[in-house]
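Residue numbering for the sequence shown follows the working numbering, starting at 1 and increasing by one per position. We put the CB at the ideal spot given by N, CA and C, even for glycine. These notes concern the structure reproduced below.
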Amino acid sequence: MIQETPTSESQAHQHIRNFSVQLSPTPRGARLARLLAVEQLRAWGLPLDPARQIVAELALNAVTHGRVPGRDFRLLLYVVAQTLRIEVTDTAGDRRPCYGTGHGLRLVDAFSTRWGWALGAHPRKTVWAEVELPPVCCPGGRNPCPPLNAPRKPQKMVMDA
1 MIQETPTSES QAHQHIRNFS VQLSPTPRGA RLARLLAVEQ LRAWGLPLDP
51 ARQIVAELAL NAVTHGRVPG RDFRLLLYVV AQTLRIEVTD TAGDRRPCYG
101 TGHGLRLVDA FSTRWGWALG AHPRKTVWAE VELPPVCCPG GRNPCPPLNA
151 PRKPQKMVMD A
């Protein structure tokens with residue numbers, strides 16, 4: 001199920017955007033999460049990166065570490081004011097995200113403004129990341145985002161060896 005709705009009339013005036021989709025906990029589901037996120041960001045006129053990388057890492061983690069056979073994972077994107085929030089919820093609530101096992105959460109940490117996780121109604125775990133948007137990229141604002149092919153400032157990423 002794919003859903004895009006402003007949550008209320010007063011919140012709609014704050015330019016809240018919401019996109020949610022449930023996907024199978026497979027490599028194909030993780031890839032589809034990234035592709036659907038890219039299309040939604042384009043539809044909202046928002047920059048694709050670093051959100052694309054964050055979605056890819058969180059979805060892959062949900063499929064690799066949070067997979068419970070027969071239970072989907074959920075991708076949620078929403079924008080409030082100048083913040084894009086990305087959430088991936090899986091059904092392995094007994095497994096907390098581990099920062100030290102690979103590079104996925106290190107990349108999320110490098111690309112996001114802030115990130116974290118929360119346990120939900122058992123058995124659920126949500127890992128989230130937020131990205132601050134440039135002022136010109138406010139959805140529905142007068143100034144659109146720069147073109148998708150505009151040169152980007154290189155991002156600095158430090159990883160332990």
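Buried or exposed (CB count within 10 angstroms, at least 16 for buried), residue i
i, result
"G120", "exposed"
"G116", "exposed"
"P27", "exposed"
"A118", "exposed"
"A43", "exposed"
Endpoints, alpha helix (DSSP H) assigned at residue i
i, result
"I16", "Looking at the DSSP string, I16 is not in any alpha helix (DSSP H), and its letter there is neither H nor E."
"G66", "Segment: none, G66 is in no alpha helix (DSSP H) and carries neither H nor E."
"A121", "Looking at the DSSP string, A121 is not in any alpha helix (DSSP H), and its letter there is neither H nor E."
Continuous beta strand (DSSP E) stretch holding residue i: start and end
i, result
"D90", "T83 to D90"
"V127", "K125 to E132"
Where residue i falls: helix, strand or coil (DSSP)
i, result
"A56", "helix"
"G116", "strand"
"L46", "coil"
"R71", "strand"
Nonlocal neighbours in the same chain, by C-beta distance under 6 Å from residue i, ignoring five residues either side
i, result
"L107", "E57"
"A129", "I54, I86, V108, S112 and W115"
"L48", "V38 and L41"
Proximal residues to residue i (C-beta, below 7 Å), its chain only, five neighbours per side dropped
i, result
"G104", "E57, L60 and N61"
"Q53", "L107 and F111"
"P135", "Q82"
"A37", "A51, R52, V55, L75 and L77"
"L32", "L23"
Neighbourhood of residue i by C-beta, 8 Å cutoff - its chain only, sequence neighbours within 5 removed
i, result
"V68", "P25, D90, T91, A92 and P123"
Closer than 6 Å: residue i CB and nearest the ligand COA heavy atom
i, result
"R85", "Of the ligands one can find in the structure shown there are none, so the ligand COA has no counterpart to examine."
**Request:** Specify whether the stretch 23-32 and the stretch 45-61 touch according to this definition: at least 3 beta carbon pairs, one from each stretch, less than 8 Å apart.
**Result:** Using a C-beta cut-off of 8 Å, the stretch 23-32 makes contact with the stretch 45-61, since at least three inter-stretch Cβ pairs fall below that distance.
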